[in-house]
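K.L.:
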Amino acid sequence: MVAIALVAWLWMQGITTRTPPGPLETSVSRMARLTMIPSAARQRPSSEPATADNVRSGSEHWADHCASCHANNGSGETEMGRGMYPPAPDMRLAATQDMIDGELFYIIENGVKLTGMPAWGTATPDGEQASWHLVQFIRRLPTISEAELAEMEEFNPRGAADWQALEQERRFLAGEGLTPPAPSTHKHKEQ
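Here it is as structure tokens:
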């Protein structure tokens with residue numbers, strides 16, 4: 091009977107990702123996610139010290155790989171992040187910051203089914219190192235400065251028109267061109 095009610099409820103909800111998950115669905119999915127992370131993985135300590143260089147490495151990786159969904163500042167307020175189901179979480183808030191490092195590492199390495207969060211793990215020492223650097227950067231998100239966010243923009247993915255505009259600007263500033271660069275016509279959402 092419960093299974094029939096669940097199927098009926100899911101059927102009425104449809105397949106749209108435009109309706110955000112309700113509080114019950116959110117809490118059940120968080121509990122399920124955390125209980126499905128193996129205990130040994132949850133308790134796994136970082137193999138990387140939390141140094142300024144490692145946090146910077148994590149920020150560069152974040153800007154290049156994670157910011158399109160989570161934004162440079164971790165808010166999740168991007169076109170892609172808002173369009174996911176559930177929406178990309180605000181990584182600065184307690185729901186993420188209260189997780190232990192092993193849980194964050196496991197999620198980065200293995201992804202989360204039915205959320206859009208991919209598995210980034212490569213099963214290599216370099217890949218694990220990059221994931222631990224991301225964990226360290228995630229810990230920095232609640233206090234990240236505007237200057238740090240501006241530095242990260244250098245590592246955000248860009249399209250061909252953006253690269254062309256940057257090259258034109260570089261050439262102009264170097265005195266190689268006579269006219270200022272045309273602004274890119276490609277519009278980015280906040281990252």
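Each residue of the sequence shown is one higher than the one before, starting from 91 at the first, in the numbering used here. All C-beta atoms, glycine included, are put in the ideal place defined by N, C-alpha and C. Just so you know, these numbers come straight off a predicted model, no measurement behind them.
Beta-carbon within less than 7 Å of residue 222's beta-carbon, same chain only, minus the 5 sequence neighbours each way: which residues are those?
P.N.:
136, 137, 138, 195
K.L.:
Between the Cα of residue 249 and those of 225, 230, 277, spot the shortest distance and give me the residue it belongs to.
P.N.:
277
K.L.:
I need the DSSP call for residue 174, collapsed to helix, strand or coil.
P.N.:
Here residue 174 sits in coil by DSSP.
K.L.:
Sort 103, 157, 185 by Cα distance to residue 172 and report the nearest one.
P.N.:
157
K.L.:
Buried or exposed, going by whether 16 or more other CB atoms sit within 10 Å of the CB of residue 261?
P.N.:
A residue is called buried once 16 or more other Cβ atoms fall within 10 Å of its Cβ, and residue 261, having fewer, is exposed.
K.L.:
Between residue 174 and the rest of its own chain, which residues show a CB-CB distance below 8 Å, the 5 nearest in sequence each way excluded?
P.N.:
Closer than 8 Å at the Cβ level, and outside the excluded window around residue 174, lie 107, 159, 205, 206.
K.L.:
Going by DSSP in three states, residue 207 sits in which element: helix, strand or coil?
P.N.:
strand
K.L.:
Going by the CB atoms, is the gap between residue 112 and residue 227 shorter than 8 Å?
P.N.:
no
K.L.:
Would you mind sorting residue 125 into buried or exposed? The rule is 16 or more other CB atoms within 10 Å of its CB.
P.N.:
By the neighbour-count rule (16 or more Cβ atoms within 10 Å), residue 125 is not buried but exposed.
K.L.:
Compare the Cα-Cα distances from residue 272 to each of 266, 265, 258 and report the closest residue.
P.N.:
258
K.L.:
Of the residues 191, 179, 95, 183, which one's Cα is nearest the Cα of residue 218?
P.N.:
191
K.L.:
Let's see if you can read the secondary structure: which residues bound the alpha helix (DSSP H) around residue 121?
P.N.:
113-126
K.L.:
Counting along the chain, where does the alpha helix (DSSP H) carrying residue 219 start and finish?
P.N.:
215-230
K.L.:
Check the DSSP bridge columns for residue 202 and list the partner residues they point to.
P.N.:
DSSP output for residue 202 lists 207 as bridge partner(s).
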